[in-house]
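Printed below as a string of structure tokens:
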């Protein structure tokens, strides 16, 4: 036993997992800790409007980087990695400018399409949300490439703490704007934290990045914008459209209940799964690059995630409705009912999400794109069917069932591609 403990303690992989786990744990505790207060400061309708705007930001942030940030860890030398980093930043700046123009011209129309009051000024904050979310993605991948997991863990805490404290403070000023403004403020804090701790010290590498290098690296990793971008955007749509469609069919209050459900279920998923994902990316990329296989770490990660998931998800299934009523207030009990319907889906997501990175390592973006298209069609249809029936719980149950089945398929595919063919 002592020998096993010593080996685990001396394992860099285990140390990195524990570092990211600790940072992610603290980052996830913050929004859960402030949620009982937020649900008493903001109503379901306000949560719904905020969640719809945040869904748009989340989807747009996927497009904003061209998905080149996913390739930052792949080159064998730091000059090429920084060239990929620089290319992703430049694309993000261009996408942000485009979003400023779009919201400036069609802000009222965008609100109308989302089922929100046309004169709601929060639509004009969308570009700021896109910029900060996209930059944090890019900076995170560079930090992973540098194997500076402590810096990334600290930035996640700063991001989460900034969001929570800002939303609480701004509730005293404006309940209509506090949630979204607080979200963007926290995102900006996370970006600045990563820049000061990691990015700033590596800026000297930009001297070796010129237009020719950007074009060359863009061609080398062109599969990411061609295949990964649409695949990931479709995946993001599959995750965000249910909330938007629930708001469209049943009103912003139902969207608010669903949003709180996602916040609570997202906590255990991020708390454990994302911490493993950050380290899995680096280890799996290195193993695949050096040996042509990352199956050993794939299987190890699968077993770890499965064992970690069983207990928390089983417990939450039985106590969710009562838990929501006690913790968040009586008007939020319905969100607990939604949680029970989504437990199986989030169990599968918890296991599948880290392992899905194999698709990028093996450069099987074409397969991933096909899967994402099928996912979007199946899950959107399930929500629409429930919407036509006029019953939100039917929509959510159909959505969860179809999504879980698609994740099972994805696990099989990622396992197959964990060895270079």
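In this note's numbering, the protein residues as written are 172 to 592.
The C-beta atom is built at its ideal place from N, Cα and C for all residues, glycine as well.
Nothing here was measured: the structure is a model prediction, and the numbers come from that model.
For residue 296, which option in 274, 287, 508 and 512 has the closest C-alpha, if you only look at C-alpha atoms?
-> Here the question's residue 296 lines up with position 125 in the chain shown. Checking every option, the nearest Cα to that of residue 296 belongs to 274.
Contacting residues, own chain, Cβ-Cβ under 6 Å from residue 281 (five flanking each side not counted) | What you label residue 281 is simply residue 110 of the chain shown in a count that begins at 1. Only 294 meet the Cβ criterion.
Within the chosen definition, does the stretch 554 to 567 reach the stretch 259 to 278 through at least 3 CB pairs nearer than 8 Å?
-> no
Is it right to say residue 470 is buried, meaning 16 or more other beta carbons lie within 10 angstroms of its own, or is it exposed?
-> Here residue 470 refers to the residue found at position 299 when the chain shown is read from its first residue. Classification for residue 470: exposed.
Who are the near neighbours of residue 416 in its chain, counting only those whose CB is closer than 6 Å to its CB and skipping five residues on each side?
-> Translated into the one-based positions of the chain shown, residue 416 becomes position 245. Contacts found: 554.
Best match in 225, 314, 586 and 382 for proximity to residue 468 [C-alpha to C-alpha] | As a position in the chain shown, residue 468 is number 297, starting the count at 1. Ranking the options by Cα distance to residue 468, first place goes to 586.
Can you give me the Cβ contacts of residue 300 inside the same chain, cut-off strictly under 6 Å, excluding the 5 residues immediately before and after it?
-> Along the chain shown, read from residue 1 onward, the residue named residue 300 stands at position 129. Listed in chain order, the non-local C-beta contacts of residue 300 below 6 Å within the same chain comprise 228 and 355, local neighbours out to five positions each way being set aside.
Roughly how many whole angstroms lie between the Cα atoms of residue 420 and residue 462?
-> As a working note, residue 420 is residue 249 in the chain shown. As a working note, residue 462 is residue 291 in the chain shown. Each residue's Cα considered, the two are about 51 Å apart.
Have a look at 362, 353, 492 and 574 and flag the residue whose alpha-carbon is nearest the alpha-carbon of residue 341.
-> Within the chain shown, residue 341 is the residue found at index 170, counting from 1. Looking at the Cα atoms, 353 is the closest of the given residues.
Decide if the stretch 381 to 394 is in contact with the stretch 249 to 264; the criterion is three or more beta carbon pairs, one per stretch, under 8 Å apart.
-> Of all C-beta pairs linking the stretch 381 to 394 to the stretch 249 to 264, three or more are shorter than 8 Å, placing the two stretches in contact.
For the alpha helix (DSSP H) containing residue 406, list its first residue and its last residue.
-> Within the chain shown, residue 406 is the residue found at index 235, counting from 1. 400 to 421 is the span of the alpha helix (DSSP H), which, as asked, contains residue 406.
If we call anything under 8 Å between Cβ atoms a contact, is residue 405 one with residue 584?
-> Residue mapping note: residue 405 aligns to position 234 of the chain shown, counting from 1. Residue mapping note: residue 584 aligns to position 413 of the chain shown, counting from 1. Inclusion of residue 405 and residue 584 in the CB contact set at 8 Å is not warranted, their separation being larger than that value.
Run of the alpha helix (DSSP H) containing residue 383, from where it starts to where it stops = Mapped onto the chain shown, residue 383 falls at position 212. 382 to 391 is the extent of the alpha helix (DSSP H) around residue 383.
Around the C-beta of residue 175, are 16 or more other C-beta atoms found within 10 angstroms, so that it is buried, or is it exposed?
-> As a first step, residue 175 must be located in the chain shown, where it is residue number 4. Residue confidence for residue 175 is low, a pLDDT of 48 falling below 50, so the modelled location carries little weight; the figure read from the coordinates is stated next. With fewer than 16 Cβ atoms within 10 Å of its Cβ, residue 175 is classed as exposed.
What are the boundary residues of the alpha helix (DSSP H) that residue 465 is part of?
-> Position 294 of the chain shown, counting from 1, holds the residue named residue 465. Run containing residue 465: none; DSSP gives neither H nor E here.
Element boundaries [alpha helix (DSSP H), containing residue 256] = Within the chain shown, numbered from 1, the residue matching residue 256 stands at position 85. It spans 249 to 284 - the alpha helix (DSSP H) in which residue 256 sits, taken as one unbroken run.
For the stretch 472 to 480 and the stretch 392 to 399, state whether three or more C-beta atom pairs, one from each stretch, are separated by less than 8 Å.
-> no
Span separating the alpha-carbon of residue 190 from that of residue 196 = Here residue 190 is taken as the residue at index 19 of the chain shown, counted from 1. Here residue 196 is taken as the residue at index 25 of the chain shown, counted from 1. Those two C-alpha atoms are separated by around 10 Å.
Do the stretch 317 to 327 and the stretch 356 to 365 touch if we need at least three Cβ pairs shorter than 8 Å?
-> Segments in contact, yes.
What is the DSSP secondary structure of residue 590, reduced to helix, strand or coil?
-> Position 419 of the chain shown, counting from 1, holds the residue named residue 590. Strand.
With 16 other CB atoms within 10 Å as the buried threshold, where does residue 489 fall?
-> Translated into the one-based positions of the chain shown, residue 489 becomes position 318. Exposed is the call here.
Per-residue burial, residue 248 [other beta carbons within 10 Å of its own, 16 or more giving buried] | As a first step, residue 248 is located in the chain shown; it is residue number 77 there, counting from the start. Classification of residue 248: exposed, given that the 10 Å Cβ count is below 16.
By DSSP, does residue 358 sit in helix, in strand, or in coil?
-> Reading the chain shown from its first residue, position 187 is the one you call residue 358. Three-state DSSP puts residue 358 in a helix.
Top-ranked residue by Cα proximity to residue 483, from 436, 492 and 501 = By 1-based counting over the chain shown, the position of residue 483 is 312. Answer by Cα proximity: 436.
Excluding the five sequence neighbours on either side, which residues of its own chain have a C-beta within less than 6 Å of the C-beta of residue 266, listed in chain order?
-> In the chain shown, residue 266 corresponds to position 95, counting from 1. Within the same chain, residue 266 has close Cβ partners 235.
Given a threshold of 16 other Cβ atoms within 10 Å of its Cβ, counted over all protein chains shown, does residue 527 qualify as buried or as exposed?
-> On the chain shown, residue 527 is found 356 positions in, with the first residue counted as 1. Residue 527 comes out buried.
Test item: CB-CB of residue 570 and residue 376 under 8 Å | The residue labelled residue 570 in the question sits at position 399 within the chain shown. The residue labelled residue 376 in the question sits at position 205 within the chain shown. Contact flag unset, no.
Going by CA-CA distance only, name the one from 217, 533 and 313 that's closest to residue 372.
-> In the chain shown, residue 372 corresponds to position 201, counting from 1. Among 217, 533 and 313, the Cα nearest to that of residue 372 is on 313.
Continuous alpha helix (DSSP H) assignments of at least 4 residues falling wholly in the stretch 303 to 387 | 320 to 341 and 349 to 365
Please classify residue 194: does DSSP put it in a helix, a strand, or coil?
-> What you label residue 194 is simply residue 23 of the chain shown in a count that begins at 1. Here residue 194 sits in helix by DSSP.
What's the gap between the Cα of residue 575 and the Cα of residue 345?
-> Counting from 1 along the chain shown, the entry for residue 575 is found at position 404. Counting from 1 along the chain shown, the entry for residue 345 is found at position 174. Cα to Cα, residue 575 sits roughly 39 Å from residue 345.
Cα-Cα separation, residue 522 to residue 580 | In the chain shown, counting from the first residue as 1, residue 522 sits at position 351. In the chain shown, counting from the first residue as 1, residue 580 sits at position 409. Whole-angstrom Cα-Cα distance: 13 Å.
Quick one: which unbroken beta strand (DSSP E) runs of 3-plus residues sit fully inside the stretch 198 to 242? Chain order, please.
-> DSSP runs (the beta strand (DSSP E)) wholly in the stretch 198 to 242: none.
When 530, 509, 495 and 514 are compared against residue 452, the one with the closest alpha-carbon | Position 281 of the chain shown, counting from 1, holds the residue named residue 452. Nearest C-alpha to residue 452: 530.
Endpoints, the alpha helix (DSSP H) within which residue 513 is located | Taking the chain shown and counting its residues from 1, one reaches residue 513 at position 342. The continuous alpha helix (DSSP H) containing residue 513 extends over residues 504 to 526.
Rounded separation between residue 251 and residue 589 - CA only | Sequence index remark: in the chain shown, residue 251 carries index 80 (1-based). Sequence index remark: in the chain shown, residue 589 carries index 418 (1-based). If I take the Cα positions, the gap works out to 24 Å.
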